[in-house]
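Notes to accompany the following structure.
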Amino acid sequence: MTTDEKSYLLSTIRDVPDFPKPGIVFKDITTLLNNENAFGLLMDELVKRYEPMNLDFIAGIESRGFIFGAALASRLKTGFVPIRKKGKLPFTTVSEKYSLEYGIDEIEMHIDAFRDKESPKVLLIDDLIATGGTAEAACRLIKTLKADLVEAAFIIELGFLNGKEKILKHTNFYSVLEIE
Ligand code: AMP
31 MTTDEKSYLL STIRDVPDFP KPGIVFKDIT TLLNNENAFG LLMDELVKRY
81 EPMNLDFIAG IESRGFIFGA ALASRLKTGF VPIRKKGKLP FTTVSEKYSL
131 EYGIDEIEMH IDAFRDKESP KVLLIDDLIA TGGTAEAACR LIKTLKADLV
181 EAAFIIELGF LNGKEKILKH TNFYSVLEIE
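FYI, the numbering for the sequence shown is 31 to 210, going by this note's numbering.
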């Protein structure tokens, strides 16, 4: 993707100050999604990168990771697996805890999410990586199920929070747009 294309995509993402709490600048991707040129350009880029990797599954983190993950899975003809907050999945789950600024959270996957595939090739995706706590827990979760986690991909990386370092302990890292 060219620098101009990246600048264009960034220009379609809306900054909402002080959401969900004072001091946070929320990166609102709904303004990228409702723009057919931006959404199309982004998905074409992801297809180009991941088509040659012959993935078996794309795992998306609740909830905005579902949007990009499911759209990409459909384009690549892979399965899609949701990684959800604790208590949302109806069948037997495996779970991982992770630390937040205040307290602890937990994410889950269905125990049979990758069906009976031997060492399935999996891509993890979310809309944004900040501290990397959520995505790191998701990496551990995917590996618990004996999958081959090929890469973790993010549309936006908040570079100043160094989340990338946490991911690189587990798998390859890719972000489409980096915000310094
Ligand atoms: P973290 O675990 O700190 O990397 O946080 C990542 C999760 O929180 C992702 O699912 C993001 O969608 C969400 N998130 C964190 N910070 C922001 C932000 N500034 N704007 C939008 N979403 C955010």
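Even glycine gets a Cβ: it sits at the ideal position worked out from N, Cα and C.
Please read all numbers here as calculations on a predicted model, not as lab measurements.
Going by the C-beta, is residue i closer than 6 Å to any heavy atom of ligand 1?
| i | result |
| --- | --- |
| Ala-100 | no |
| Gly-162 | yes |
| Leu-207 | no |
| Lys-51 | no |
| Gly-193 | yes |
| Lys-57 | yes |
| Leu-158 | yes |
If residue i and residue j are in contact, beta carbons under 8 Å, what's the gap, nearest whole angstrom?
| i | j | result |
| --- | --- | --- |
| Leu-154 | Ala-165 | 7 Å |
| Leu-188 | Leu-158 | 7 Å |
| Leu-63 | Ile-97 | 7 Å |
| Val-180 | Met-83 | 6 Å |
| Thr-61 | Leu-85 | About 28 Å; that fails the 8 Å criterion. |
| Gly-162 | Lys-196 | 4 Å |
| Leu-171 | Ile-137 | 6 Å |
| Leu-207 | Lys-36 | 6 Å |
| Arg-1 | Asp-58 | Outside the shown range of the chain, which is 31 to 210, sits residue 1, and nothing can be said about it. |
Which of helix, strand or coil does DSSP assign to residue i?
| i | result |
| --- | --- |
| Thr-60 | helix |
| Pro-47 | strand |
| Phe-87 | strand |
| Leu-119 | coil |
| Glu-81 | helix |
| Glu-208 | strand |
When you compare the region 173-192 with the region 138-155, are there three or more beta-carbon pairs, one atom per stretch, that lie closer than 8 Å?
The answer is yes - the region 138-155 touches the region 173-192, with three or more Cβ pairs under 8 Å.
Every unbroken beta strand (DSSP E) within the region 127-203, with a cutoff of 3 residues, ordered by chain
With a minimum length of 3 residues, the continuous beta strand (DSSP E) runs that stay inside the region 127-203 are 134-140, 151-159 and 178-188.
Mind listing, in chain order, the continuous alpha helix (DSSP H) runs of no fewer than 4 residues lying wholly within the region 89-115?
Here the runs fully enclosed are 94-106.
Are at least three pairs of beta-carbons, each pair with one atom in the region 119-131 and one in the region 90-108, less than 8 Å apart?
The answer is no - the region 90-108 does not touch the region 119-131, with fewer than three Cβ pairs under 8 Å.
Are the region 44-52 and the region 71-87 touching by the rule of at least three beta carbon pairs closer than 8 Å?
In short, these stretches do not touch, since the Cβ pair count stays below three.
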